[in-house]
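Numbering (the working numbering), first residue to last: 61 to 426. Ideal placement from N, C-alpha and C gives every residue a C-beta, glycine not left out. Working notes, structure below.
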Ligand SMILES: Cc1cc2nc3c(=O)[nH]c(=O)nc-3n(C[C@H](O)[C@H](O)[C@H](O)COP(=O)(O)OP(=O)(O)OC[C@H]3O[C@@H](n4cnc5c(N)ncnc54)[C@H](O)[C@@H]3O)c2cc1C
């Protein structure tokens, strides 16, 4: 076990929670600070598909994190469920992509990466998903793709974290700036008090760029709003995830169906709009006509931590000893969390990293 150090984690979304959890299980003392209740921002609002939406369109850097995480998710969920009694509900349904323009690229990518993606006849899709709309003519399918019930994942992570020794969580405690002494970051300021540590980790999602700005650094992480709607159907209504024209339907185990999502540049404004509601309903009905008769039981917005190419920042901040980043996961923070947080802890504790850390290093990117 590594020598015990004190680590201050700023932000309690899936990234901050899992970073803190991994550090604490390695015997580190952790203080996690969140300006509201933990796990209520993007990590609550997301859809929870345990895959990038179009994995073949991403860089190898995102793919490497995604593949490590996808393999690890079932065991993470089992461990959290056993430790807390809160089941993150990893639901392995497979995913159909319908009427893609770049099917050939997708299939070539999957062959290279050894992923189980195959072309399927549309009649076979209709047999597997009888509620599918009539307007589609071609499909590819990846078996084994899961979704995680992210509000339960963060609830479970919080409970698991609080049960570990050496952990303190302060909610409703906004970090206002960093304490810099002799060129080293030694803590953070909040309205409540100072929190000092050997290391400070910025995992504040869409707010990370703003916070780092207080040190005169330009971190290109910006909020990208996403709205989703929710239906409640019978538990066997939709057996698989389906995706067409950048919109998707995700079945939870209990028959809740999520339809997402919009992609909007609207600053830190999280209000929902009627325009998005109508557009999401139209996509829902195109994918699954029977939803025209179902009631929308939820509609919300969240702020994704947008970053160039969706490649997260994981590692030390150059020029500011003691300050680290784990942020900028854009559309894929739920799927990328296990690998990102394991890689992060490997770097901080100077262990052999699970994957090559170079593509995520802040050096040269901020
Ligand atoms: C509509 C939508 C659909 C999505 N679908 C998927 C999907 O299917 N699959 C997938 O992998 N990803 C998905 N995502 C993306 C995913 O949700 C995010 O990438 C991920 O949740 C980011 O996690 P995070 O911990 O970095 O940020 P957040 O969950 O936003 O957490 C950041 C935390 O920092 C706190 N904070 C902010 N400022 C401060 C401060 N000054 N002091 C202290 N605390 C602070 C906040 O209160 C918050 O709790 C989706 C996102 C949205 C919005």
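Residue i, DSSP secondary structure in three states
i           : result
residue 341 : helix
residue 79  : helix
residue 389 : coil
residue 209 : coil
residue 425 : coil
residue 414 : coil
residue 120 : helix
residue 365 : strand
residue 182 : helix
residue 394 : helix
residue 316 : strand
residue 405 : helix
residue 190 : coil
residue 130 : helix
residue 299 : coil
residue 354 : coil
residue 73  : coil
Contact test: residue i Cβ vs ligand 1 heavy atom, cutoff 7 Å
i           : result
residue 96  : yes
residue 286 : yes
residue 115 : no
residue 128 : no
residue 390 : yes
residue 290 : no
Nearest-angstrom Cα separation, counted from residue j out to residue i
i           : j           : result
residue 307 : residue 126 : 20 Å
residue 299 : residue 383 : 45 Å
residue 285 : residue 109 : 17 Å
residue 117 : residue 262 : 28 Å
residue 349 : residue 377 : 50 Å
residue 381 : residue 75  : 21 Å
residue 343 : residue 337 : 10 Å
residue 72  : residue 180 : 41 Å
residue 224 : residue 213 : 17 Å
residue 312 : residue 170 : 26 Å
residue 205 : residue 154 : 4 Å
residue 222 : residue 92  : 10 Å
residue 275 : residue 295 : 50 Å
residue 119 : residue 273 : 27 Å
residue 230 : residue 94  : 6 Å
Sequence-distant residues of the same chain with beta carbon closer than 7 Å to residue i, five excluded per side
i           : result
residue 346 : 193, 195
residue 321 : 107, 286, 287, 288
residue 354 : 291, 293
residue 215 : 99, 146
residue 246 : 239, 256, 382
residue 413 : 403, 406, 407
Nonlocal neighbours in the same chain, by C-beta distance under 6 Å from residue i, ignoring five residues either side
i          : result
residue 54 : Because the chain in this structure spans residues 61 to 426, residue 54 falls outside the shown range and cannot be described.
Same chain, Cβ closer than 8 Å to residue i, five either side skipped, listed in chain order
i           : result
residue 327 : 283
Exercise for the section: Evaluate contact between the stretch 126-142 and the stretch 388-398, counting only Cβ atoms and requiring at least three cross-stretch pairs below 8 Å. Expected result: Yes, they touch.
Practice task
Please confirm if the stretch 344-359 is in contact with the stretch 403-412, defined as three or more CB-CB distances below 8 Å between the two stretches.
Solution key: At 8 Å Cβ cutoff, the stretches do not touch.
Problem - the stretch 230-244 contacting the stretch 162-182, beta-carbon criterion three pairs below 8 Å - result: Judged by Cβ distances under 8 Å, the stretch 230-244 makes no contact with the stretch 162-182, as fewer than three pairs qualify.
Exercise for the section: Assess, as a yes-or-no matter, whether the stretch 172-185 is touched by the stretch 139-153 under the definition of 3 or more beta carbon pairs within less than 8 Å. Expected result: By the Cβ criterion, the stretch 139-153 is not in contact with the stretch 172-185, since fewer than three pairs of Cβ atoms, one from each stretch, lie closer than 8 Å.
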